[in-house]
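Beneath this line is the structure, given in structure tokens, with notes to follow.
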């Protein structure tokens, strides 16, 4: 059964994540405030970011950059800047 949350990213009620995707307080905040739809949007941005910047997820600095970018994207309303990527015009 899906849980409904108020997604702070989309600013609407939406299906919540099925489980906490990250550890600790940040994971709890994401689980309680970010919908499946918004998390999916972040996942695609994250993949582009990892590929573009050739991030090594074993490196603490790269993980910190990814976490900061995720918080900026999901909670601060900042888009992810990816060099050489132009989003499609709607």
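Numbering (our numbering), first residue to last: 193 to 282.
Backbone N, C-alpha and C define an ideal beta-carbon position, used for all residues, glycine too.
Everything numeric in this text was worked out from a predicted model, so none of it was measured.
Those residues which DSSP pairs with residue 198 across a bridge
If you number the chain shown from 1, residue 198 lands on position 6. Bridge partners of residue 198 according to DSSP: 205.
Near residue 274, which residues of its chain fall below 7 Å by C-beta distance, leaving aside the five closest residues on each side in sequence?
Start at 1 with the first residue of the chain shown, and residue 274 comes out as number 82. The beta carbon of residue 274 is closer than 7 Å to those of 240, 241 and 244 in its chain, skipping five residues each way along the sequence.
Cβ shell of residue 212 (< 6 Å), same chain only, five flanking positions each side left out:
If you number the chain shown from 1, residue 212 lands on position 20. Hits under 6 Å: 219 and 223.
Rounded separation between residue 251 and residue 272 - CA only
Position 59 of the chain shown, counting from 1, holds the residue named residue 251. Position 80 of the chain shown, counting from 1, holds the residue named residue 272. Those two C-alpha atoms are separated by around 20 Å.
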